[in-house]
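The opening residue of the sequence shown carries number 260 in this note's numbering; numbering runs sequentially from there.
Virtual Cβ for every residue (Gly too), placed ideally from N, Cα, C.
Down below is the structure, laid out as structure tokens.
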Amino acid sequence: MVSDAALRKRSLRKWSLRAWLDRTTETWTPPTARDLTTPLRYLFWLTKSQARRVGLGAFLGTSWMVGLAVPPWVLSRAVDRGLVPRDTSALIGWVLLLLAIGVLNALLGISRHRTMTKIRMDASFRSVRATVWHTSRLGASLARRVSAGEVVTVGITDVQTVAQALTVTGPGVGAVVAYVVIAVVLFTISPLLAVMVLAGVPLLAIAVGPFLRRIERTGGTYRVHQGALTTRLVDVLAGLRVLNGLGGKRFVAEKYEQQSQDLIGHGYRVAGPASWVGALSTGLPALFLAAVVWLSARMAASGAITIGDVVAVYGYVAVLVVPVAFFIEAGGDLARARVAGQRIIDLLNLPVAHQPEEPLPIPAGCGPLIDPVFGVTVRPGLLTALVAARPAEAITVIERLGQLHPALTEAAGRPSWAGVPLATTDRGELRRRMVVADNDGELFAGTVRDIVSGPLEPDDDRIHAALHSAVAEDIVEALPDGLDAELAAGGSDLSGGQRQRIRLARAVYASPDVLLAIDPTSAVDANTEAAIIDRVRAARRGTTTLITTTSPLVLDRADEVIVLLDGQRSSVGTHAELLHSDAYYRELVSRAQDDR
């Protein structure tokens with residue numbers, strides 16, 4: 260039986276180990292502006308963010324590399340003290356020691372490989388998280404400043420390339436230490452051999468240097484074309500149904516094929532120097548090994564060193580091939596990482612909307628919202644329709660009120676909420692209390708429940724109510740698993756009208772104080788449109804809702820209509836009042852009705 264004291268002691272040891280692991284668990288913090296100045300600074304941030312693990316990797320890499328140099332020494336002793344004098348017992352003892360060292364090196368190699376794999380994975384996840392974190396801060400402005408293909412390429416290709424370069428923190432450090440140790444040991448055998456080794460490795464680096472610089476030059480051009488091609492692929496996949504309908508699929512395919520061939524050509528220009536680096540990392544160390552062995556054999560023939568020393572020298576130089584190969588490969592990895600790292604920090608350096616140091620609280624209630632540039636005032640608690648002959652003007656008002664632009668610096672032209680400039684408020688609070696809903700909002704793959712609830716906790720009753728408000732309950736009823744039904748990324752398995760209603764249900768579920776919606780009924784028929792606007796008006800009674808539209812059905816049900824003419828408010832009133840008093844509005848609505 261195990262005593263209570265032993266159980267407590269074992270539990271304490273287990274708790275202590277868990278506590279130590281908790282202390283070594285890496286926490287994520289975003290990179291600072293200083294970390295994003297150069298690709299090398301970014302690599303340093305990835306390294307210092309997991310300093311404990313990198314230190315362990317360097318220790319294991321050094322131990323493994325230095326451990327590789329021990330078997331040649333043991334083998335030389337076995338030759339000189341066991342094999343040459345025919346001392347069987349001594350020979351068996353040295354052979355057993357050689358076996359033990361081999362097993363230890365194998366264990367060190369396994370631990371080193373596992374640790375370096377964790378380091379690379381950690382670096383990948385940190386880069387991905389930094390990219391997601393920053394793109395979420397950029398919000399809707401991201402699409403206007405960088406292509407979707409560039410973001411995809413950064414998140415997949417560049418992240419992995421940069422992570423691979425962190426291998427230099429383990430075997431790279433070990434290679435340097437092993438190189439120094441072997442040079443010192445060779446000095447004890449022959450200073451001439453040691454000098455040859457010390458001089459040979461720098462010469463190898465000089466031979467590879469031009470190829471590394473060429474990799475950087477050609478890699479940058481290749482990376483730009485790769486991002487452009489990925490952008491085209493994303494656009495093609497998004498519009499494949501339209502292309503099929505218009506018969507443009509063949510033209511786009513031919514254009515994509517042409518760009519792919521151009522990218523292949525750039526890839527060949529990168530592959531040329533990269534293949535030379537790979538060949539030299541294997542061939543040059545082999546030639547170096549042959550030269551040193553030839554010299555040591557000549558010295559043994561002249562009696563300057565023993566046969567055991569020749570065996571040891573061969574072993575030392577054969578081992579030295581490993582760190583030399585690591586030097587060359589690490590140089591190639593760093594050259595590629597500098598190109599990929601530059602693309603990552605270019606994305607992470609895109610400026611975001613200024614967050615004030617001491618943000619002002621947003622007043623209680625639902626407004627009013629005022630945009631002095633356009634002369635628009637959205638009164639609280641009403642369903643307001645914003646109509647313009649040029650829809651871009653109405654969308655700009657939504658973007659300004661929703662603070663989607665990176666900066667709004669005009670002191671006199673800043674939009675405000677109940678007198679408080681929106682640019683001076685806390686971004687987190689603003690995003691909780693104000694939702695901007697447009698028809699380009701992303702629908703991520705997942706269940707209907709997760710898509711509608713978004714970042715909020717799912718509540719089935721509220722989800723059904725939001726679907727009812729958006730007249731989207733028929734979509735769920737037609738799915739075999741109801742709210743648990745899986746939808747494809749982008750809602751590609753839904754029609755345009757169904758996607759629009761799901762997006763609107765998601766916006767209604769958020770229950771913001773202010774909802775800004777860009778033409779939320781443009782893809783549905785008249786009966787569905789009338790039902791949507793009636794239900795949304797009922798669901799959001801007492802809160803503020805601003806909708807851009809030219810639909811007479813929506814305008815007729817709005818509490819207030821604001822008309823824009825040449826970027827300025829021209830009139831305000833109900834639909835009936837404006838039809839009677841405003842000829843411009845009457846013509847605009849009539850033209851929109853004819854178009855529909």
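Please return the same chain residues whose Cβ sits closer than 6 angstroms to the Cβ of residue i, not counting the five positions on each side in sequence.
i	result
R638	P627
D568	I448
G756	A782, V783
V418	S383, S386, V387
N364	G326
L546	none
A790	V730
W304	P290, D294
R845	L838
R340	A349
Q827	G634
A453	A442, L445, F446
I792	V813, R816
G801	G640
D381	Q309
For residue i and residue j, which I take to be in contact (beta-carbon distance under 8 angstroms), what is that distance rounded to the nearest angstrom?
i	j	result
T683	L763	So it is not a contact: roughly 30 angstroms between Cβ atoms.
H727	R794	7 angstroms
I657	L838	Actually they are not in contact, since the Cβ atoms of I657 and L838 sit about 24 angstroms apart, beyond 8 angstroms.
G705	R765	The pair is not a contact, with the Cβ atoms about 12 angstroms apart (cut-off 8 angstroms).
P811	V848	5 angstroms
I644	V421	Note on residue identity: the sequence assigns Ala, not Ile, to residue 644. In fact, because the Cβ distance is near 49 angstroms, the residues do not count as touching under 8 angstroms.
L397	V611	6 angstroms
I603	V313	Not really, about 19 angstroms apart at Cβ, beyond 8 angstroms.
L742	D719	6 angstroms
I777	A696	7 angstroms
Identify, in the order they occur along the chain, each residue of the same chain with its Cβ nearer than 8 angstroms to the Cβ of residue i, setting aside the five sequence neighbours on each side.
i	result
V435	P582
R379	A422, Q423, L425, T426
A437	T321, M324, V325, L327, A328, V578, L579, V581, P582
R277	Its pLDDT being 41, under 50, R277 is placed unreliably in this model, and the value from its coordinates should be taken loosely. Correct list: empty, nothing qualifies.
Following the continuous beta strand (DSSP E) through residue i, name the residue where it begins and the one where it ends.
i	result
V646	642 to 647
A776	773 to 777
I629	628 to 630
E819	819 to 824
T888	There is simply no residue 888 to check, as the chain begins at 260 and stops at 855 in what is shown.
T636	635 to 637
Alpha helix (DSSP H) containing residue i: first to last residue?
i	result
L837	834 to 840
L689	686 to 692
T420	418 to 424
T447	430 to 448
I722	719 to 728
L738	Per DSSP, L738 belongs to no alpha helix (DSSP H) and is neither H nor E.
R659	650 to 660
D699	Careful: D699 lies outside any alpha helix (DSSP H) and carries neither H nor E.
R708	707 to 712
P811	811 to 816
Excluding sequence positions up to five away, which residues of its chain have a Cβ less than 7 angstroms from the Cβ of residue i?
i	result
A677	P622, G624, G626, P627
P675	Residue 675 is actually Ser in this sequence, not Pro. For S675, where only same-chain residues beyond five positions count, the Cβ hits under 7 angstroms are I629, L681.
G361	P330
L315	T374
W323	N364, L367, G368, R371, G433
N786	none
V679	L619, I621, P622
For the pair the region 640 to 653 and the region 680 to 691, tell me if three or more CB-CB distances fall below 8 angstroms.
no
Are the region 287 to 305 and the region 386 to 402 in contact at 8 angstroms, needing three or more beta carbon pairs?
yes
Taking 8 angstroms as the threshold, find out whether the region 365 to 383 comes into contact with the region 303 to 322 through three or more Cβ pairs.
In this structure the region 365 to 383 touches the region 303 to 322; the number of beta carbon pairs closer than 8 angstroms is three or more.
Which parts of the region 289 to 358 are runs of the alpha helix (DSSP H), unbroken and 4 residues or longer, counting only runs that do not cross its ends?
298 to 307, 310 to 337
Three CB pairs or more closer than 8 angstroms across the region 593 to 607 and the region 357 to 369
no
Please go through the region 744 to 800 and give each complete alpha helix (DSSP H) segment of 4 or more residues, from N-terminal end onward.
755 to 768, 785 to 798
Using 8 angstroms as the cut-off, can you tell me whether the region 797 to 809 makes contact with the region 596 to 610, which would need three or more C-beta pairs spanning the two stretches below that distance?
The region 797 to 809 makes no contact with the region 596 to 610: fewer than 3 CB pairs, one atom from each, lie closer than 8 angstroms.
Curious, which full-length alpha helix (DSSP H) runs of at least 4 residues does the region 540 to 624 contain?
566 to 607
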